[in-house]
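Student: Starting off with a structure, shown below.
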Amino acid sequence: MGPVEEMAARGHCSVGWDELKPLVSAKISEVCAEYYAANKDIDRSGETYAEVLQRLLALLHEFPNAPFTIQRLCELLIDPHRVYATSTRKVMSALEKLLTVSSTVPVMSTATPKPGTYQVAAEYQLSKLLSGEQGGGAQPMDVEN
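Residues are numbered in my numbering as their position in the sequence shown, beginning at 1, plus a constant of 19.
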């Protein structure tokens, strides 16, 4: 199972956004080309196929982190015919809606964190909290009623 399929199935994958983004980009191009070869209905909408595809890819590449719609985007790219039988215009419109969001989420990676990274520090702090340790020498406060 590749990272795009993994993201579609689980909502997380073994690679970060920087590695996932070009895979999603290639899959968008592949799916759109497949639909366009079968049905050129997008050309009647006032924009060319190339213009719409370029806009979709530009929207994707603007995200510093994965869009919060990343799982649904990957689901659509893995099995577009489940919802959109033949219409290039409809599948490209659906992709655009999934890419015109402003919220992002970090892609949850199952890769082992590298020493010295923020993830290692955060996991250490979380483990301290879960074990009941209080960091920073904080003492419980006495509160009078």
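Don't be surprised by glycine CBs; every beta carbon is placed ideally from N, CA and C.
For chain D, check one thing: does any of its Cβ atoms lie closer than 7 Å to the Cβ of glycine 35?
Tutor: No chain D is part of this structure, which consists of one protein chain only.
Student: For alanine 28, does the three-state DSSP call read helix, strand or coil?
Tutor: Your numbering for residue 28 matches position 9 in the sequence shown. Alanine 28 falls in the helix class under three-state DSSP.
Student: For the alpha helix (DSSP H) containing methionine 111, list its first residue and its last residue.
Tutor: Numbered from its first residue, the sequence shown carries residue 111 at position 92. Where methionine 111 is concerned, the enclosing alpha helix (DSSP H) stretches over 107–118.
Student: Go ahead and label alanine 85 buried or exposed: buried means 16 or more other beta carbons lie within 10 angstroms of its beta carbon, across all protein chains shown.
Tutor: Locating residue 85 in the sequence shown gives position 66, where the first residue counts as 1. Alanine 85 comes out buried.
Student: Kindly indicate the opening and closing residues of the alpha helix (DSSP H) around histidine 100.
Tutor: By 1-based counting over the sequence shown, the position of residue 100 is 81. Counting along the chain, histidine 100 falls outside any alpha helix (DSSP H), and DSSP gives it neither H nor E.
Student: Mind checking who proline 22 pairs with in its DSSP beta bridge?
Tutor: Stepping through the sequence shown from its first residue, residue 22 is reached at position 3. For proline 22, which the question treats as bridged, DSSP gives no partner whatsoever.
Student: Between leucine 118 and leucine 79, is the Cβ-Cβ spacing less than 7 Å?
Tutor: In the sequence shown, residue 118 corresponds to position 99, counting from 1. In the sequence shown, residue 79 corresponds to position 60, counting from 1. Taking 7 Å as the Cβ cut-off, leucine 118 and leucine 79 qualify as a contacting pair.
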